[in-house]
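Right, one structure below, let's go through it.
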Amino acid sequence: MARNVIIDCDTGMDDAVALLLALRSPEFNVLGITCVNGNVGLDNVVHNTLRVVEQSGKHVPVYAGARSALLVAPDENASKVHGSDGLGGIPLPEPHNKVEKEHAIDFIVRIFMDAKEPMDWITIGPMTNAALALRKEPRIVEKIRLLTMMAGGVDSGNTRPMSEFNVFADPDAARIIFDSDIPKMMVPLDPLFNGGYLKWSDQQKIKAVSDKPWCNLAGMIFDVTHEVVHKLGRKQVNEEGAISPPDLLAVAAAIDPSIMKIENYQIQIETRGEFTRGMTVVDRRKYHRGEANPGRKEVAVVLEADQQKYAALVVNTWLA
Ligand code: BDR
């Protein structure tokens, strides 16, 4: 039976393909999508999300949430990667659907408190909405089966040497979530370089489909991603022609964690460091691990993906 899930996003290009995977997956019943300021400003995020949902062929309500980080607005967003509109300027038709009137925080609290069974939650943007919802109604913790987050880095960051964008953009919010008892799975940057990518040939299978709008959109996003990687002069870390959209991997991990290598660690969020604000401090010490914080819950951390199974999941879901 499909699992109920809600998704919090800052639609950007990799959020877009991640949403298309969740919306087309038979494993998920997406009850709503909440938008947060992040890759670009909230108005663009909402507009992008509505346009992406429209291309998925599904009808799912979209909610607007936080317009800025909890305490300190970061000094940059991710428009140099995702373009000023957040979707790389890809021309998409205007959506027929409108954003819901209910605020995202109220929706998140309502959907969890009304849930008969604990359900899934996925965040693929900064955790501002998630933290505000938890502060508004701490009892949602008991209604969360698993929160899957595209967040952090074990070995290194991206926006800063040790800070990944989603955590860097609102470390105070991330800290609230990581300090909570919510059962969590973190999909950091590390698995993107360890199997969590789509080969050129995987992308071509999706681009070859002409009668499914979600494949068309994914194909356009792949094209723009290649252009951006080239423009930014980024090193080809995986094999030639491969791309690794972080949020897509997070949704795949939420759908099927069995195709990932996962280890459990205590994690703290650095909110003050001179060079490390927004760092996910993963306690991987060989000795003394966990001694500093005896009762703290561990987070399941995705370290590697089985590339073939990951690509098959994405391709099969979209081509079905
Ligand atoms: C994350 O940051 C954003 O730019 C992407 O959408 C992804 O969620 C990767 O660090």
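Note that my numbering numbers the sequence shown so that position 131 is 154, with each residue one more than the last.
Yeah, the Cβ is synthetic: ideal placement off N, Cα and C, and Gly gets one too.
Model, not experiment: these values are computed from the prediction.
CA-to-CA distance, A277 to G264, given in whole angstroms: On the sequence shown, position 241 is the one that residue 264 refers to. On the sequence shown, position 254 is the one that residue 277 refers to. Going from the Cα of G264 to the Cα of A277 covers about 26 Å.
K284, enclosing beta strand (DSSP E) - first and last residue: Looking up residue 284 in the sequence shown gives position 261. From DSSP, the beta strand (DSSP E) with K284 extends over 283 to 288.
A275 and Y333 closer than 7 Å at C-beta: Position 252 of the sequence shown holds residue 275. Position 310 of the sequence shown holds residue 333. In this structure, Y333 lies closer than 7 Å to A275 by Cβ.
Nonlocal neighbours in the same chain, by C-beta distance under 7 Å from V232, ignoring five residues either side: As a working note, residue 232 is residue 209 in the sequence shown. Close CB contacts of V232 within its chain, under the 7 Å cut and outside five residues either way in sequence, are with C238, L342 (chain order).
Own chain partners of E123 with C-beta closer than 6 Å, once the 5 adjacent residues on each side are dropped: The count along the sequence shown starts at 1 and reaches residue 123 at position 100. Counting only Cβ-Cβ distances below 6 Å, and skipping sequence neighbours, we find P84, Y86.
Neighbourhood of V304 by C-beta distance below 8 Å, restricted to the same chain and skipping five residues each side: Taking the sequence shown and counting its residues from 1, the one referred to as residue 304 is at position 281. Result list for V304: I290, Q291, I292, E293, in chain order.
Neighbour-count burial assignment, L255, 16 or more Cβ in a 10 Å radius: Position 232 of the sequence shown, counted from the first residue, corresponds to residue 255. Exposed is the call here.
Distance between beta carbons of R312 and D306, contact taken as under 8 Å: By one-based count along the sequence shown, residue 306 stands at place 283. By one-based count along the sequence shown, residue 312 stands at place 289. With a contact defined as Cβ atoms closer than 8 Å, D306 and R312 qualify at about 5 Å.
Any non-hydrogen atom of the ligand BDR within 6 Å of M185 CB: Sequence index remark: in the sequence shown, residue 185 carries index 162 (1-based). Every heavy atom of the ligand BDR is 6 Å or more from the Cβ of M185, so no.
Residue environment, L94, which counts as buried when at least 16 other CB atoms sit within 10 Å: Numbered from 1 along the sequence shown, position 71 holds the residue referred to as residue 94. It counts as exposed.
Any beta strand (DSSP E) of 3 or more consecutive residues that is wholly inside the segment 144 to 220: 167 to 173, 207 to 210
According to DSSP, residues forming a beta bridge with F51: If you number the sequence shown from 1, residue 51 lands on position 28. Answer is R26, bridged to F51.
V333 - DSSP class collapsed to helix/strand/coil: The residue labelled residue 333 in the question sits at position 310 within the sequence shown. Before going further, note that residue 333 is Tyr rather than Val in the sequence given. Looking at Y333 - three-state DSSP - the assignment turns out to be helix.
Sequence-distant residues of the same chain with beta carbon closer than 7 Å to P97, five excluded per side: Taking the sequence shown and counting its residues from 1, the one referred to as residue 97 is at position 74. Answer for P97: F191, A192, listed in chain order.
Identity of the residues DSSP links to V324 by a beta bridge: Here residue 324 refers to the residue found at position 301 of the sequence shown. DSSP, once it has assigned bridges, lists M209, E286 as partnering V324.
DSSP state of I113 mapped onto helix, strand, coil: Taking the sequence shown and counting its residues from 1, the one referred to as residue 113 is at position 90. Note: I113 maps to coil in three-state DSSP.
Alpha-carbon to alpha-carbon, V177 and E117: Within the sequence shown, numbered from 1, the residue matching residue 117 stands at position 94. Within the sequence shown, numbered from 1, the residue matching residue 177 stands at position 154. Going from the Cα of E117 to the Cα of V177 covers about 39 Å.
Stretch-stretch touch, CB-based, cutoff 8 Å, three pairs: the segment 119 to 135 with the segment 156 to 173: Put simply, the segment 119 to 135 touches the segment 156 to 173. At least three CB pairs are less than 8 Å apart.
Distance cut-off 6 Å: I147 Cβ against heavy atoms of the ligand BDR: Here residue 147 corresponds to residue number 124 of the sequence shown, with the count starting at 1. The answer is yes for I147.
Spatially closest choice to F201 from A154, E99, M243, by CA coordinates: Position 178 of the sequence shown, counting from 1, holds the residue named residue 201. Among A154, E99, M243, the Cα nearest to that of F201 belongs to A154.
Whole-angstrom C-beta distance between N100 and V63, which should lie under 8 Å: Here residue 63 refers to the residue found at position 40 of the sequence shown. Here residue 100 refers to the residue found at position 77 of the sequence shown. Right, their Cβ atoms sit about 6 Å apart.
Sufficient close CB pairs (3 or more, under 8 Å) joining the segment 164 to 178 to the segment 49 to 60: Output reads no: the segment 49 to 60 does not touch the segment 164 to 178.
Local conformation of Q78 per DSSP, three classes: The count along the sequence shown starts at 1 and reaches residue 78 at position 55. Note: Q78 maps to helix in three-state DSSP.
Euclidean distance between Cα positions of D137 and D31: For the purposes of this step, residue 137 is identified with residue 114 of the sequence shown, where counting begins at 1. For the purposes of this step, residue 31 is identified with residue 8 of the sequence shown, where counting begins at 1. Roughly 18 Å separates the two Cα atoms.
First and last residue of the uninterrupted alpha helix (DSSP H) at T34: Here residue 34 corresponds to residue number 11 of the sequence shown, with the count starting at 1. First-last for T34: undefined, no H or E at that position.
F17: CB within 6 Å of a non-hydrogen atom of the ligand BDR: A question about residue 17 goes unanswered here, because the residues of the chain that appear run from 24 up to 343.
Buried/exposed call for P317, threshold 16 Cβ in 10 Å: Within the sequence shown, residue 317 is the residue found at index 294, counting from 1. The residue in question, P317, is exposed, as its Cβ has fewer than 16 Cβ neighbours within 10 Å.
Three-state secondary structure assigned by DSSP to V338: Within the sequence shown, residue 338 is the residue found at index 315, counting from 1. In the structure shown, V338 sits in a helix (DSSP, three-state: H, G or I).
M173 beta carbon near the ligand FMN (any heavy atom closer than 6 Å): The ligand content of the structure shown is limited to the ligand BDR, which means the ligand FMN is not among them.
Q291 - partner residues in DSSP beta bridges: For the purposes of this step, residue 291 is identified with residue 268 of the sequence shown, where counting begins at 1. Per DSSP, V304.
Nonlocal neighbours in the same chain, by C-beta distance under 7 Å from D279, ignoring five residues either side: Against the sequence shown, residue 279 aligns to sequence position 256. Answer for D279: L336, listed in chain order.
Near the ligand BDR: N181 beta-carbon under 6 Å from a heavy atom: Within the sequence shown, the letter at position 158 stands for residue 181. Yes, the beta carbon of N181 sits closer than 6 Å to at least one heavy atom of the ligand BDR.
Cβ-based neighbour list, L110, same chain, cut-off 7 Å, excluding 5 preceding and 5 following: Numbered from 1 along the sequence shown, position 87 holds the residue referred to as residue 110. Sequence-distant partners of L110 (beyond 5 residues in either direction) whose C-beta falls short of 7 Å from its own C-beta, in its chain, are M36, A39, N71.
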